[in-house]
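Trainee: Numbered according to the working numbering, the sequence shown spans residues 18 to 81. Built from N, CA and C at the ideal position, the CB exists for glycine as well. Because the structure is a prediction, the values reported are computed rather than measured. The structure is given below, and queries will be raised subsequently.
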Amino acid sequence: MAKFVYDVFHSLHREVVPGTDKEVCGEALASLKELVHMLSTAPSDEDQVEFLRGTLENIISGKL
18 MAKFVYDVFH SLHREVVPGT DKEVCGEALA SLKELVHMLS TAPSDEDQVE
68 FLRGTLENII SGKL
């Protein structure tokens, strides 16, 4: 699952950061929000909780 989340994040990030197309940027931000929401509302086990924590830390710190 981790590889897919990273790939999805990178794809959406490419659309958000330049921000040249406001509609695409808005949709990409909405998708990122939904991805984080999905991962955070129903973690199935402690590994998923740690995965989410690590992923968010990497996103915030710019390591991802």
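1) Candidates Met55, Cys42 and Gly79: which alpha carbon is nearest Leu69's?
2) Rounding to the nearest angstrom, what Cα-Cα distance links Lys39 and Lys50 in this structure?
3) Return the Cβ separation of Val33 and Leu46 in integer angstroms, given the expectation that the two are a contact with Cβ distance under 8 Å.
4) Could you give the DSSP three-state label for Asp38: helix, strand or coil?
5) Are Val41 and Thr72 closer than 8 Å when you measure CB to CB?
Mentor: This is what the structure holds:
1) Checking every option, the nearest Cα to that of Leu69 belongs to Met55.
2) Cα to Cα, the separation comes out at about 16 Å.
3) That pair is a contact at about 6 Å.
4) Asp38 carries a coil assignment under DSSP once its states are collapsed to helix, strand and coil.
5) Not in contact: Val41 and Thr72 (Cβ atoms no closer than 8 Å).
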